[in-house]
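Novice: Residue numbers (my numbering): 207 to 387.
The structure follows.
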Ligand code: SF4
């Protein structure tokens with residue numbers, strides 16, 4: 207089993223090698239590292255703690271930490287999507303705000319089991335995702351910012367407001383979706 211210390215050492219080493227810093231908030235950082243550790247235990251690789259993984263290496267390859275999107279995100283926004291890696295300015299100011307998800311929507315939906323190989327090409331916008339949810343997954347929302355995810359377990363950290371996973375609750379209401387056809 208990978209220890210938390212090892213996960214931290216790896217992240218520190220990687221941050222240093224690229225001229226980045228780890229998030230300066232110790233508690234927040236610990237949550238993310240613990241998320242990485244748990245994902246590595248579960249899948250065999252440290253998939254992103256803010257994103258949904260499938261458990262299939264080839265599908266999840268782009269979100270194995272450090273993900274394919276980290277460098278352009280730190281370059282453009284001063285932080286990666288989860289805010290694990292930050293640039294010197296963000297590290298010094300300790301101020302972060304949500305950044306847009308750079309991972310292609312097709313890949314995100316595939317993680318939810320909605321789109322993928324052998325399935326129809328995805329044509330809808332993210333806002334109409336609800337129309338296509340029929341997977342029986344839990345609907346979870348962040349009590350702090352209202353961010354909604356469809357997965358069995360909440361992310362370790364909310365990618366929008368950075369709230370801890372304890373802030374996620376399940377939507378118990380039964381939802382009915384119309385296909386419009
Ligand atoms: S967003 Fe950050 S924490 Fe998540 S996989 Fe990318 S680099 Fe790692």
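Ideal Cβ positions, reconstructed from N, Cα and C, are used throughout, including at glycine.
#1: Less than 7 Å separating the beta-carbons of residue 297 and residue 230?
#2: For residue 353 and residue 347, which I take to be in contact (beta-carbon distance under 8 Å), what is that distance rounded to the nearest angstrom?
#3: Would you call the CB atoms of residue 276 and residue 289 closer than 7 Å?
#4: Should residue 280 go down as buried or exposed, given a rule of 16 or more other Cβ atoms within 10 Å for buried?
#5: Which residues are close to ligand 1, meaning CB closer than 5 Å to any heavy atom, in chain order?
#6: Quickly, what does DSSP pair residue 292 with across the bridge? List them, please.
#7: CA-CA distance, residue 333 and residue 311?
#8: Using a 10 Å radius around the Cβ and a threshold of 16 neighbouring Cβ atoms, would you call residue 292 buried or exposed?
#9: Short check: CB of residue 376 to CB of residue 344, under 7 Å?
Specialist: Reading from the atomic positions:
#1: yes
#2: 7 Å
#3: no
#4: buried
#5: 254, 271, 272, 273, 276, 286, 287, 288 and 290
#6: 227 and 285
#7: Per-residue confidence for residue 333 stands at a pLDDT of 36, beneath the threshold of 50, marking its modelled position as unreliable; no derived number is given.
#8: buried
#9: yes
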